[in-house]
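Engineer:
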Amino acid sequence: MTEAEIIAAVAEAHASATPLEIIGAGSKRGLLRPVQAARTLAVAAHSGITLHAPKELVVSARAGTTLRDLTAIVASAGQQITSEPPDLSGLLGDPAVPPAAQTIGGVVGANLSGPRRVAWGATRDHVLGVRAVNGRGELIRSGGRVLKNVTGLDICKLLTGSHGTLAVLTEITLKVLPAAERWGSVALTGLDPAQAVAALSAALGSPYAVSGAAHLPAEAAALVPALAWLGGAVTLARIEDFATSVAYRTDRLRADLAPFGRAEILDDAASRAAWDAVRDAVPLHGAAGAVWRVSVRPSAGPGVLAAIGRAFAASWFMDWGGGLIWLAGPATTAAHDAVMAAAGAASGTWMLLRAPEGLRAAVAVIPPEAPALARITASVKAAFDPKGILNPGRMYAGV
Amino acid sequence: MIRQPDPKQDVLDRRDAIIAGLRRLLPDSGVIAEPIRLKPYETDGLTAYRQVPLAVVLPETTEQVAAVLRFLHHEGVRVVPRGAGTSLSGGALPMADAVVVALMRLNRILDIDYADRCAVVQAGVTNIGITQAVQESGFFYAPDPSSQLACMIGGNVGMNSGGAHCLRYGVTSNNLLGLKIVTIAGEVLDIGGAHLDAAGYDWLGILTGSEGQLAVVTEVTVRILRGPEGARAMLAAFRSNEIAGACVDAIIGSGIIPVALEFMDRPAIHACEAFAHAGYPLDAEAMLIIEVEGSIGEQDTLLDRIRAICHRFDPISLRVSASAEESQAIWKGRKGAFGAVGRISPDYLCMDGTIPTSRLPEVLRRIAEMSAGYGLQVANIFHAGDGNLHPLIMFDANDPDSFHRAERFGADILTLCVEVGGCLTGEHGVGVEKRDLMGVQFTATELAQQRRIKDAFDPGWLLNPNKVFPLLAQAA
Chain A
1 MTEAEIIAAV
11 AEAHASATPL
21 EIIGAGSKRG
31 LLRPVQAART
41 LAVAAHSGIT
51 LHAPKELVVS
61 ARAGTTLRDL
71 TAIVASAGQQ
81 ITSEPPDLSG
91 LLGDPAVPPA
101 AQTIGGVVGA
111 NLSGPRRVAW
121 GATRDHVLGV
131 RAVNGRGELI
141 RSGGRVLKNV
151 TGLDICKLLT
161 GSHGTLAVLT
171 EITLKVLPAA
181 ERWGSVALTG
191 LDPAQAVAAL
201 SAALGSPYAV
211 SGAAHLPAEA
221 AALVPALAWL
231 GGAVTLARIE
241 DFATSVAYRT
251 DRLRADLAPF
261 GRAEILDDAA
271 SRAAWDAVRD
281 AVPLHGAAGA
291 VWRVSVRPSA
301 GPGVLAAIGR
311 AFAASWFMDW
321 GGGLIWLAGP
331 ATTAAHDAVM
341 AAAGAASGTW
351 MLLRAPEGLR
361 AAVAVIPPEA
371 PALARITASV
381 KAAFDPKGIL
391 NPGRMYAGV
Chain B
400 MIRQPDPKQD
410 VLDRRDAIIA
420 GLRRLLPDSG
430 VIAEPIRLKP
440 YETDGLTAYR
450 QVPLAVVLPE
460 TTEQVAAVLR
470 FLHHEGVRVV
480 PRGAGTSLSG
490 GALPMADAVV
500 VALMRLNRIL
510 DIDYADRCAV
520 VQAGVTNIGI
530 TQAVQESGFF
540 YAPDPSSQLA
550 CMIGGNVGMN
560 SGGAHCLRYG
570 VTSNNLLGLK
580 IVTIAGEVLD
590 IGGAHLDAAG
600 YDWLGILTGS
610 EGQLAVVTEV
620 TVRILRGPEG
630 ARAMLAAFRS
640 NEIAGACVDA
650 IIGSGIIPVA
660 LEFMDRPAIH
670 ACEAFAHAGY
680 PLDAEAMLII
690 EVEGSIGEQD
700 TLLDRIRAIC
710 HRFDPISLRV
720 SASAEESQAI
730 WKGRKGAFGA
740 VGRISPDYLC
750 MDGTIPTSRL
760 PEVLRRIAEM
770 SAGYGLQVAN
780 IFHAGDGNLH
790 PLIMFDANDP
800 DSFHRAERFG
810 ADILTLCVEV
820 GGCLTGEHGV
830 GVEKRDLMGV
840 QFTATELAQQ
850 RRIKDAFDPG
860 WLLNPNKVFP
870 LLAQAA
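Chains A and B supply the protein sequences, listed in that same order.
The first sequence runs 1 to 399 under my numbering.
The second sequence runs 400 to 875 under my numbering.
1) Taking the alpha-carbon positions, what's the A636 of chain B to G611 of chain B distance?
2) Chain B beta carbons: is any one of them nearer than 8 Å to that of L257 of chain A?
3) Hey, is A237 of chain A's beta-carbon within less than 8 Å of any beta-carbon in chain B?
4) Could you list the residues in the segment 413–443 of chain B with a C-beta less than 7 Å from some C-beta on chain A, going in chain order?
5) Please list, in chain order, all residues of the same chain as A374 of chain A whose beta carbon is under 8 Å from its beta carbon, the five residues on each side excluded.
6) In or out: M551 of chain B buried (at least 16 other Cβ within 10 Å) or exposed?
7) Checking contacts by CB at 8 Å: is Q408 of chain B closer than that to chain A?
8) Could you work out which residues of chain B lie near A214 of chain A, taking near to mean beta carbons separated by less than 8 Å?
9) Measure the C-alpha to C-alpha separation of D876 of chain B and L421 of chain B and round it to an integer number of angstroms.
10) How would you list, in chain order, the residues of chain B whose beta-carbon sits under 9 Å from the beta-carbon of D280 of chain A?
11) Which class does V58 of chain A belong to by DSSP, given the choice of helix, strand or coil?
12) Cutting at 6 Å between CB atoms, please list the residues of its own chain near G444 of chain B, excluding the five before and the five after it.
13) For G143 of chain A, report the span of its alpha helix (DSSP H) as first-last.
14) Anything in chain B within Cβ reach of A53 of chain A, meaning under 8 Å, just list it in chain order.
15) Would the segment 683–697 of chain B count as touching the segment 597–615 of chain B if we require 3 or more Cβ pairs under 8 Å?
16) What separation, rounded to the nearest whole angstrom, lies between the Cα atoms of K381 of chain A and P666 of chain B?
17) Go through the segment 678–724 of chain B residue by residue and report every complete run of the alpha helix (DSSP H) that reaches 4 residues or more, in order.
18) Can you find the residues in the same chain that come closer than 6 Å, C-beta to C-beta, to A875 of chain B, ignoring five residues on each side of it along the sequence?
19) Ends of the alpha helix (DSSP H) at S185 of chain A?
20) Are the C-beta of P627 of chain B and some C-beta of chain A separated by less than 8 Å?
21) In this structure, how does DSSP classify R459 of chain A when only helix, strand and coil are distinguished?
22) What does Q450 of chain B touch in chain A if you count any residue whose Cβ is under 7 Å from its own?
23) Smallest Cα separation from L284 of chain A: which of A:A258, A:L174, A:L305 and A:A328?
24) Taking only runs that begin and end inside the segment 784–838 of chain B, name each unbroken alpha helix (DSSP H) of 4 or more residues, in chain order.
25) Quick check: the segment 489–504 of chain B against the segment 516–527 of chain B, are there 3 or more CB pairs under 8 Å?
26) If the cut is a Cβ gap below 8 Å, which residues of chain A does L588 of chain B touch?
27) Determine, using beta carbons only, whether L595 of chain B comes closer than 8 Å to chain A.
28) Of all Cβ atoms in chain A, is any one closer than 8 Å to the Cβ of A875 of chain B?
29) Can you list the residues of chain B that D125 of chain A reaches, using a CB-CB cut of under 8 Å?
30) Which residue wins for smallest C-alpha separation from R507 of chain B, given the options B:A532, B:M633, B:A767 and B:V570?
31) Check S27 of chain A in the structure and name its three-state DSSP category.
32) For the alpha helix (DSSP H) holding C156 of chain A, just list the boundary residues, first then last.
33) State whether the segment 767–779 of chain B contacts the segment 695–708 of chain B, with contact taken as three or more CB pairs (one from each stretch) at a distance under 8 Å.
34) Spell out whether any CB of chain A is found under 8 Å from the CB atom of L861 of chain B.
35) Here's a check: name, in chain order, each residue in its chain whose Cβ is nearer than 7 Å to the Cβ of G114 of chain A, leaving out the five neighbours to either side.
36) What number of angstroms, rounded off, separates the C-alpha of L390 of chain A from the C-alpha of L566 of chain B?
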């Protein structure tokens, strides 16, 4: 499939006012609200690397390129996709979609970022340029292939995380960075959430460039082989750097965190296994029911957990220094209301990541906006997609 | 000369009533209408363009900003938001029929939260003021534009400002968590907060760098970062721009991302050395400032690696700073570059295009050819790691022909940047200066899409119009 064919398909849908569901690998169809569309526009076949310039820290790929292929290409030059996007297939468990099938278009469309986000930014921070087709069937380019660019409105950011509701991404240029020579982690054990967040704040507030900060309660840590041997809850801080720096920094960090208890140091292999599990939410893979992702200021995290704990028994773990809470619980409106209330009381944000279609269609899956902002959302949607044909209703009912 | 649109006559006719209306909303000292006191607001860092505004207001609270905008929106009066007025692209240039909303009195730091690594500051807090407020605890605010002593965070948000350390720490948009904004209709909205990655459309992303055309920012929640154990700079001097460029490629290709990697050509080295006395090598054609971070041991290891790479490129000299004072002197020359060039030329234009770094030797060669062709000197200073060029074109403003040649020279450089795969502006913004070049980078369809986003926020085009979009496209 070519970009020209995508343009033609969208232009035709625009002319006939036919809603389209945009599908890459289809790995994220279970996210957010179900789309009611007469047709699907499958873009996975629009794939391939179009530019790879390691010395300039950039890579460009057509939207249908799998994250796995893109990761392999940049890894061949010793580099990595900095925002460490998760693979949610183990969580969403759609039998129709094989693991690791997700496309870069899907990753960018959903602005998915992993543990490194807390230190190095989200996927949106690394999107340098996009080519996309708006709902009028017009090709729109924004950004480019250079690292610094403030020319015109930053449509790259607006499209990243817009879940295909504004335009169909056809090509994406990412900033990539060298992959560290070595990983290492400091692991504290037996902390409760409040102690854990305090320890992670100390780690992230240290001069050692901590690039991951997670806390897994005992039940969650037991499900991660690289952590289960520690016994009990695990609070984990990651360092990525040259080997000598990792040795130095993990040592110093362990000393700084001594007030929180005795800590183990995980080596490169154990660190990689542990952080991959955190990234892909492995501790919740076996959980039944609904899954939410809540993002709050880290110090509010323990309070949010406590509030939710009063409403239902949740399976959970924390990333991003305690600011990101992954939660599983009953797929009921009551449980959803409890999550909304707890996150809202902490002035945070949330997303219903997995739930039966009926629940996803019935409730707000992301926080409703204030009326004045909701009006701007509707106007911006119309500015890209005047007939409302692109993934209608995916983020908000009626948008 | 870039053309300015005609003022709205009906607004000029209602001047007294509009000023009286503003006086009802603000304390006496908050409205400036006397010609002599309006004069300081007639220009910004792009001093070649000047226009005294209809009035200037100095609100002290978000509520006052909202009241002013509600009133001006109702009256159909254009609004030009202004921070410190350090824009190099004319982003704060007034219009005769516009009211300047100057945010300098919104200058308080509202909250510092070390545990969550963020701070809430009002729009008129200076960039350096944030770092100064948190540095005793070892923290800093990362983006560091050269104007950081004066420029304000509200303006940084408007222009998505960068700085010398972007390669490691990103630009403004990568260091924000939340905003409080006032729409042109006077509605106060909270965007994001102290948490990461708010759901919904990325308003933080689209507002940052929107050059004051979508809303007025009154409060900003920034990320603050713990500083490294230490940092040290080194100087590497080379026999040609090409060789220095190849050395930059080799450093990045080795897997090292220095926190800063700055490039200066011969004219820039001489101008800055005369100003800063930093011991820059005057016999070099090109010089790199390379900075690394970490413990003393880590700095040594990284600098050894970098020195070994530089040695492969036949350097004239390599000098590693031996002390914090020496590093500071090295940076003083770079950060004072604009002032330094100001000492050797009565006036200069500072360009800001970005190019793919592999095209550097070719672009510098062509800039040198243009310099000869236009008969104007140019000094090149830029952020080498990210390809963001800052050619400083020297001219004499008292000679109109010299100014016109300088503007054409600048436009040629920026057009060249786009031709080789880059962009018109890396960190200064489009403003008035590059407005009419937007068609070089974008198609009419793409500009129309951007314009429709502005329509969604500001249907009447009252917020900082006459910037960013070519006038013809604005009228379309």
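Glycine is no exception: its CB is placed at the ideal position from the N, C-alpha and C atoms.
Structural biologist: Quick answer:
1) Here the question's residue 636 of chain B lines up with position 237 in the second sequence. Here the question's residue 611 of chain B lines up with position 212 in the second sequence. About 41 Å.
2) The sequence position of residue 257 of chain A within the first sequence is 257, counting from 1. Output row for L257 of chain A: interface = no.
3) Your numbering for residue 237 of chain A matches position 237 in the first sequence. Not an interface residue.
4) Those residues of the segment 413–443 of chain B that come within reach of chain A (Cβ to Cβ, closer than 7 Å) do not exist; the list is empty.
5) Residue numbering aside, residue 374 of chain A sits at position 374 when the first sequence is read from its first letter. P368 and Y396, listed in sequence order.
6) Working through the second sequence from its first residue, we reach residue 551 of chain B at position 152. Counting Cβ neighbours within 10 Å, M551 of chain B comes out buried, since at least 16 surround it.
7) Your numbering for residue 408 of chain B matches position 9 in the second sequence. Chain A, which has no Cβ nearer than 8 Å to the Cβ of Q408 of chain B, makes this no.
8) Along the first sequence, read from residue 1 onward, the residue named residue 214 of chain A stands at position 214. Those do not exist, as A214 of chain A stays about 14 Å from chain B at its closest Cβ, beyond 8 Å.
9) Nothing about residue 876 of chain B can be read from this structure; chain B reaches only from 400 to 875.
10) Along the first sequence, read from residue 1 onward, the residue named residue 280 of chain A stands at position 280. Within 9 Å Cβ-Cβ: nothing; D280 of chain A doesn't reach chain B, min ~18 Å.
11) Position 58 of the first sequence, counted from the start, is the residue given in the question as residue 58 of chain A. V58 of chain A falls in the strand class under three-state DSSP.
12) The residue labelled residue 444 of chain B in the question sits at position 45 within the second sequence. Answer for G444 of chain B: T485, S486 and L487, listed in chain order.
13) Residue numbering aside, residue 143 of chain A sits at position 143 when the first sequence is read from its first letter. Looking at the DSSP string, G143 of chain A is not in any alpha helix (DSSP H); the run it does join, the beta strand (DSSP E), is L139 to G143.
14) By 1-based counting over the first sequence, the position of residue 53 of chain A is 53. Proximity of chain B to A53 of chain A at the Cβ level (cut-off 8 Å) is accounted for by P755 and S757, in chain order.
15) Between the segment 683–697 of chain B and the segment 597–615 of chain B, the count of Cβ pairs shorter than 8 Å is below three; the stretches do not touch.
16) In the first sequence, the residue the question calls residue 381 of chain A occupies position 381. In the second sequence, the residue the question calls residue 666 of chain B occupies position 267. The alpha-carbon separation between K381 of chain A and P666 of chain B amounts to approximately 49 Å.
17) As for any alpha helix (DSSP H) of minimum length 4 sitting wholly inside the segment 678–724 of chain B, the runs are 695–710, ordered along the chain.
18) Your numbering for residue 875 of chain B matches position 476 in the second sequence. Bear in mind that the predicted position of A875 of chain B carries a pLDDT of just 46, short of 50, making it unreliable; the figure below should be weighed with that in mind. Closer than 6 Å at the Cβ level, and outside the excluded window around A875 of chain B, lies no residue.
19) Stepping through the first sequence from its first residue, residue 185 of chain A is reached at position 185. Where S185 of chain A is concerned, there is no enclosing alpha helix (DSSP H), although the beta strand (DSSP E) around it starts and stops at R182 to T189.
20) Walking along the second sequence from the start, residue 627 of chain B turns up at place 228. Yes, because at least one Cβ of chain A sits closer than 8 Å to the Cβ of P627 of chain B.
21) No information on residue 459 of chain A is available, as it lies outside the stretch 1 to 399 that chain A covers here.
22) By one-based count along the second sequence, residue 450 of chain B stands at place 51. Within chain A, no residue comes near Q450 of chain B; the closest Cβ sits about 24 Å away, beyond 7 Å.
23) Residue mapping note: residue 284 of chain A aligns to position 284 of the first sequence, counting from 1. Selected option, being the one with the closest Cα: A:A328.
24) Counting whole runs of 4 or more residues, the segment 784–838 of chain B contains the alpha helix (DSSP H) stretches 799–818.
25) Counting Cβ pairs under 8 Å, three or more are found: they touch.
26) As a first step, residue 588 of chain B is located in the second sequence; it is residue number 189 there, counting from the start. Among the residues of chain A, those whose CB is under 8 Å from the CB of L588 of chain B are A370, A372 and L373, following chain order.
27) As a first step, residue 595 of chain B is located in the second sequence; it is residue number 196 there, counting from the start. It does; some Cβ of chain A falls within 8 Å.
28) In the second sequence, counting from the first residue as 1, residue 875 of chain B sits at position 476. Because the pLDDT at A875 of chain B is just 46, under 50, the model does not fix this residue reliably, and the point stays unresolved.
29) Your numbering for residue 125 of chain A matches position 125 in the first sequence. Neighbours of D125 of chain A on chain B, chain order: G569, S572 and N573.
30) Residue numbering aside, residue 507 of chain B sits at position 108 when the second sequence is read from its first letter. A check of alpha carbon separations from R507 of chain B across B:A532, B:M633, B:A767 and B:V570 identifies B:A532 as the nearest.
31) The count along the first sequence starts at 1 and reaches residue 27 of chain A at position 27. Residue state, collapsed to three classes: coil.
32) In the first sequence, the residue the question calls residue 156 of chain A occupies position 156. Residues I155 to L159.
33) Contact fails between the segment 767–779 of chain B and the segment 695–708 of chain B, because fewer than three Cβ pairs, one in each stretch, are under 8 Å apart.
34) Locating residue 861 of chain B in the second sequence gives position 462, counting from the first residue. Closer than 8 Å: no.
35) If you number the first sequence from 1, residue 114 of chain A lands on position 114. These residues qualify, in order along the chain: S83, E84, P85, P86 and R279.
36) The residue given as residue 390 of chain A occupies position 390 in the first sequence. The residue given as residue 566 of chain B occupies position 167 in the second sequence. When rounded, the distance between both Cα atoms is 36 Å.
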